[in-house]
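See structure below.
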């Protein structure tokens, strides 16, 4: 996002943005930031406050918001709190309240012809024990199999991410392991893997579960310079060569692949899930 | 409505739930599921479809939704798509459309006295290069420092998570590294660390950045039995002892700590961020 340099100096475009939740605040923060990203002319002073689940807690937050309002920051308040008394307390805050759930819950009640359960007031996204164990196991599997370190139990991998060093295998692997509990190995393509027509022997039996990553030579060179400045490893020539070889390898073996240079970890993950039909 | 005679499922409480997005679908899925969790009496057949960013793509999805509608599954469609033509195509789907962003965008436009940027139609949550590098570095730091494996650069850790083996240090560490780009080490308390009054020498200099995890002896014993069935390590007596010693250590050294037994990774992370004031 590009913020015009004049905007950051202009206090009339500064706003306080609050993300309030009776749980972790992750939903309020994610959706609130997605909405705010459409207004690049403003500078938002952001505050995430999780676990606002009592009237006293809400009143404390309202006082904090009031201080920002007094300072001329015209607060915008995103909230996912559900308790009626807490929500009522928050509505006394001097600012614009954007209730991210309440209205949609009413729409859902109409669609389903019933009222929302009172008991399930909290949004426990991934709180149950089975899912917790699955994620724990997936993260540990990912660490064990990071960077081709282990060939143990590779046959049970849901996915093997293949790429030259520093193309971004590891963050995408961890994201998918944590969010979806998938068992993911990643395998670094090195000079030893070329020239060859086939996939490296360790992963060749699992070609259908492989997904390749590529990037641009310039981006790869920049990332490698951070690790080993002015090395052959980081040179543009070496990066260009390795990426061309890797892409050839993917194509020859019909391994789907993606360029990571302009994509977030979330976008990479969504494409991989979609391509290999791994979405639970 | 026609229910096919071959249907073995009672569709009275069965519904199709679609999470549609012009980007990753993560926001639609997260918020949609949070909303649906309030209606435990229903069985939802869930479909996440990311990258619905053309009218043709939208029409394909509408046909899929129509098949569910014909089967009596009364579709509920959560969407975060923003393109007007795509949204118009989706609105022809036979079901209840819940637009998770549109209404809120209008509220924000009113609050800010301007219109949303047309150029920034996509929600690139964490797509920029600086944040990408920060997350990559954080995940690699977390892997290097998992389970007390390395004391290198421990002085730059934002946070050191301390706990006996199998209390859930690693998934929480990875979540915080990925979501917030924080540098996090984790340190396993073993019998070698007791009896002692102080923190283990490796982490003692960084006491102010330590956070402890505990759990219930029963839960710890269950998790350890998965790794080493019927071992002393997994016995209830050993687990009880280790947890009591760990909690004593936390208290004596004023290390804040949390019981992970009933908490999700997200909830743990939110409490840790809040307690150590690590939120960016």
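Protein chains in written order, with the numbering used here: chain A, 1 to 280; chain B, 1001 to 1280. Each residue gets a CB set at the ideal place from its N, CA and C atoms; glycine is no exception.
Is there a C-beta anywhere in chain C that falls below 8 Å from the one on residue 1247 of chain B? Absence of chain C from the displayed structure is noted, the protein chains being A and B.
Suppose you measure from the CA of residue 199 of chain A to the CA of residue 227 of chain A; what does that come to, to the nearest Å? 27 Å
Does any residue of chain B bring its CB to less than 8 Å from the CB of residue 48 of chain A? yes
Those residues which DSSP pairs with residue 1187 of chain B across a bridge: B:1162
Would you list, in sequence order, the uninterrupted alpha helix (DSSP H) runs of no fewer than 4 residues that lie entirely inside the segment 183-252 of chain A? 217-227 and 236-252
Neighbouring residues, chain A, relative to residue 1060 of chain B (Cβ below 7 Å): Here the premise fails: no neighbours, minimum Cβ distance about 13 Å.
With DSSP as the reference, label residue 99 of chain A as helix, strand or coil. strand
Rounded separation between residue 269 of chain A and residue 175 of chain A - CA only: Distance from the CA of residue 269 of chain A to the CA of residue 175 of chain A, rounded to the nearest whole angstrom, comes to 7 Å.
Taking all protein chains shown into account, decide if residue 1125 of chain B is buried (16 or more other Cβ within 10 angstroms of its Cβ) or exposed. Model confidence at residue 1125 of chain B stands at a pLDDT of 42, short of 50, so the residue's coordinates are unreliable and nothing is read from them.
When you compare each of A:71, A:106 and A:53 to residue 83 of chain A by their alpha carbons, which one comes out closest? A:53
Should residue 144 of chain A be flagged as near chain B, meaning a C-beta pair shorter than 8 Å? Cβ-Cβ to chain B under 8 Å: no for residue 144 of chain A.
Could you check which residue in B:1209, B:1106 and B:1069 has the C-alpha nearest to that of residue 1093 of chain B? B:1069
Host alpha helix (DSSP H) of residue 255 of chain A (start-end): Counting along the chain, residue 255 of chain A falls outside any alpha helix (DSSP H), and DSSP gives it neither H nor E.
Same chain, Cβ closer than 8 Å to residue 1065 of chain B, neighbours up to 5 away in sequence not counted: 1016, 1018, 1075, 1077, 1093, 1094 and 1095
At a CB distance below 8 Å, what residues from the segment 1238-1272 of chain B approach chain A? Give them in sequence order. 1262, 1263, 1264, 1265, 1266, 1267, 1269, 1270 and 1271
Residue 71 of chain A and residue 163 of chain A closer than 8 Å at C-beta: With respect to the 8 Å criterion, residue 71 of chain A and residue 163 of chain A are not classified as neighbours on the basis of their beta carbons.
Give the range of the alpha helix (DSSP H) segment to which residue 15 of chain A is assigned. Careful: residue 15 of chain A lies outside any alpha helix (DSSP H), inside the beta strand (DSSP E) at 14-20.
Between residue 117 of chain A and chain B, is there a C-beta pair that is closer than 8 Å? yes
What are the uninterrupted segments assigned as beta strand (DSSP E) that are 3 or more residues long and contained completely in the segment 1069-1113 of chain B, given in chain order? 1076-1079 and 1096-1099
Nearest to residue 100 of chain A (by Cα), restricted to the options A:87, A:110, A:111 and A:112: A:87
Who are the Cβ neighbours of residue 1266 of chain B in its own chain at under 8 Å, not counting the five residues just before and after it? 1175
Run through chain A and tell me which residues come within less than 9 Å of residue 1026 of chain B, C-beta to C-beta. 30, 179, 266, 269 and 270
Who are the near neighbours of residue 273 of chain A in its chain, counting only those whose CB is closer than 8 Å to its CB and skipping five residues on each side? 176, 180 and 279
On a Cα-Cα basis, can you pick out the residue from A:50, A:111 and A:81 that is closest to residue 1073 of chain B? A:111
Using CA atoms only, rank isn't needed, just tell me which of A:116, A:97 and A:98 is closest to residue 106 of chain A. A:116
Proximity of residue 1170 of chain B and residue 140 of chain A at Cβ, strictly below 8 Å: yes
Do you know whose CA, among B:1204, B:1215, B:1154 and B:1196, lies nearest residue 1166 of chain B's CA? B:1215
Beta-carbon proximity list for residue 1253 of chain B, same chain, < 7 Å, skipping 5 on both sides: 1198, 1199 and 1207
Give the interface partners of residue 1111 of chain B over in chain A, defined as CB-CB distance under 9 Å, in chain order. 15, 74, 76, 95, 96 and 98
Which of helix, strand or coil DSSP assigns to residue 1115 of chain B: coil
So who's on the other strand from residue 39 of chain A, going by DSSP bridges? For residue 39 of chain A, which the question treats as bridged, DSSP gives no partner whatsoever.
Of all Cβ atoms in chain A, is any one closer than 8 Å to the Cβ of residue 1086 of chain B? no
How about residue 175 of chain A: is its C-beta nearer than 8 Å to some C-beta of chain B? yes
Less than 7 Å between C-beta atoms, sequence neighbours within five positions excluded: which residues of the same chain meet that for residue 1081 of chain B? 1020, 1021, 1022, 1052, 1087 and 1090
Length of the line joining the Cα atoms of residue 1 of chain A and residue 1102 of chain B: Residue placement at residue 1 of chain A is poorly supported in this model, since its pLDDT is 38, which falls under 50; the coordinates are not used for a value here.
If you reduce the DSSP assignment to three classes, tell me which class residue 1030 of chain B lands in. helix
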